[in-house]
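For the sequence shown, counting from 1, position 48 maps to 48 in full-length UniProt numbering; every step adds exactly one.
We put the CB at the ideal spot given by N, CA and C, even for glycine.
Worksheet for the structure shown next.
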Amino acid sequence: MLCLTVCALIWGLAFVAQVQGMDAVTPLFFNATRFTLGAASLVPILLVRHARDGKTDEKPVVTTDTDDADAKDAITASAGIGAEPGSPSARTRKAPFRRALANPLVVGAICGVVLFTASTLQQYGILYGKSAGRAGFLTALYIVMVPLLAFVFLRRRIGVLVGVAVILAVAGFYCLCITDGFGSIGLADLLLLFTALLFAAHILVIDELGAKVDAIELSFIQFCTTAALSWIGSAAEGSIDWTGAATAWEPIVYAGIGSVGIAYTLQVIGQQWVPPTRASLLMSLESFFSAVGGAIFLGEVMTPRGYLGCALIFLGTMLAQAPARLPRWMRRG
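Written as structure tokens, this is what we have:
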């Protein structure tokens, strides 16, 4: 829970950096540089862990009778001998697929493709959108889409308290972000709605597959995947601009190391302990922290409507963290 709250805090304060960065470079080039920095920030951690694991793994390997039996089962399965339903040899036919979904390279690549698409659409939605508040509200709708997608595709029921928490949070985001009416839906709005859908899918993919792999390795691979796709896209549109990057180096560094390297890694770690719907509510606090940070550090004035929105978001987030003493049907989500 603490990991996801810190993640939301970093993302909330990084929103200004994202807007400032796009004043100098294009969305694809901005994402290419910041995700490259995010991946690079994890390299020292991976090297230290690799050196440490190399020392602890220097032990003799003892072959047991169980290992011999497993090897015989694998040989028998490959020959198609005695493969009865439910037998170990029959189950080994599904082993390659299961091993693939437990491979950090595969899981990281899947997460990276989803994250690349979501972050790119979000940047373009912010760039072409009518207001930052509108963009923040539409993107935050992933808190509604997470339980809906989990119900449709994963057959997970939505608890009463969690459902109420989502409604309160959405109402809070509307009060906080939409100050002059919603108006008509434009292309930027559709991009941001699809962004929310992809962020919801990203949360569920990490929830389903992230627990099976190492969190740091998963984060590193998904950052590399997102960075590589962003570099390809930026090169294709001819938007690689090192002069602009030098101008916007401060937003790029903060968004790269803070928003990507630290926050997205905390998301992967935190989701190993928190169910996806509650995780989405915790991470949606980024809009809350963004508004509060703007009022504290930038002198922005928040209206009573904005304070009401913050209160509703905070209440919804706390309500979603249902205590263990409540009935199971009220806590599930």
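Residue i to residue j span [Cα, whole Å]
i, j, result
"VAL16", "LEU209", "32 Å"
"CYS3", "THR317", "15 Å"
"PRO251", "GLY21", "5 Å"
"SER234", "SER287", "28 Å"
"VAL114", "PHE194", "11 Å"
"VAL213", "ASP53", "16 Å"
"GLY258", "ILE10", "7 Å"
"residue 334", "MET1", "The first residue shown for the chain is 1 and the last is 333, placing residue 334 beyond what the model contains."
"GLY80", "ASN103", "Because GLY80 carries a pLDDT of 47, less than 50, the predicted location of this residue cannot be relied on, and the following value inherits that uncertainty. Their Cα atoms are separated by approximately 26 Å."
"ARG134", "VAL162", "24 Å"
"ALA227", "ASN31", "7 Å"
"LEU218", "ALA236", "27 Å"
"ILE296", "LEU308", "17 Å"
"ALA200", "LEU176", "21 Å"
"ALA305", "VAL292", "Residue 305 is actually Arg in this sequence, not Ala. ARG305 and VAL292: Cα-Cα distance of roughly 13 Å."
"TYR174", "THR303", "13 Å"
"ALA51", "ILE216", "15 Å"
"LEU42", "VAL152", "35 Å"
"ILE178", "ARG49", "46 Å"
"ARG98", "SER239", "40 Å"
"ILE232", "ILE185", "31 Å"
Three-state class that DSSP yields for residue i in the structure shown
i, result
"TRP11", "helix"
"TRP231", "helix"
"ILE185", "coil"
"VAL25", "coil"
"ALA102", "coil"
"ARG49", "helix"
"ALA165", "helix"
"ALA135", "helix"
"ALA34", "Strictly speaking, residue 34 in this sequence is Arg, with Ala absent from that position. Helix, per DSSP."
"ILE110", "helix"
"ALA40", "helix"
"ILE143", "helix"
"ILE126", "helix"
"GLY159", "coil"
"ALA118", "helix"
7 Å CB neighbourhood of residue i in its chain, flanking five on each side removed
i, result
"PRO276", "VAL146, ALA150, ILE203, LEU204 and ASP207"
"GLN222", "GLY108, CYS111, GLY112 and LEU115"
"TYR124", "PRO27 and LEU191"
"THR315", "It should be pointed out that residue 315 corresponds to Leu in this sequence rather than to Thr. Once the five neighbours on either side are set aside, the close Cβ partners of LEU315 are LEU168."
"THR247", "ALA24"
"ASP241", "VAL25 and PHE29"
"CYS7", "ALA263, LEU266, GLN267, GLY270 and MET283"
"LEU46", "ILE216 and PHE220"
Cβ neighbours of residue i in the same chain (closer than 8 Å, five flanking residues each side left out)
i, result
"LEU106", "Leu is not the amino acid found at residue 106; the sequence shown has Val there. Counting only Cβ-Cβ distances below 8 Å, and skipping sequence neighbours, we find ALA100."
"ALA245", "ALA24, VAL25, PHE29, THR33 and ILE252"
"THR5", "LEU282 and LEU285"
"LEU138", "GLY125, ASP189, LEU192, LEU193, THR195 and ALA196"
"LEU154", "LEU204 and GLU208"
"VAL274", "MET1, LEU4 and LEU282"
Neighbourhood of residue i by C-beta, 6 Å cutoff - its chain only, sequence neighbours within 5 removed
i, result
"ALA171", "LEU312"
"ILE143", "VAL166, ALA169, SER280, LEU281 and SER284"
"GLY256", "ARG34, LEU37 and GLY38"
"SER290", "GLY12 and PHE15"
"ARG278", "ALA320"
"LEU229", "PHE116"
"CYS224", "ALA39"
"GLY136", "CYS177 and SER287"
- Message: Restricting to runs no shorter than 4 residues, where is the alpha helix (DSSP H) found entirely within the UniProt domain "EamA" (188-319)?
- Response: If we require 4 residues or more, the alpha helix (DSSP H) runs fully inside the UniProt domain "EamA" (188-319) come out as 215-237, 242-247, 249-253, 265-270, 276-283 and 285-297.
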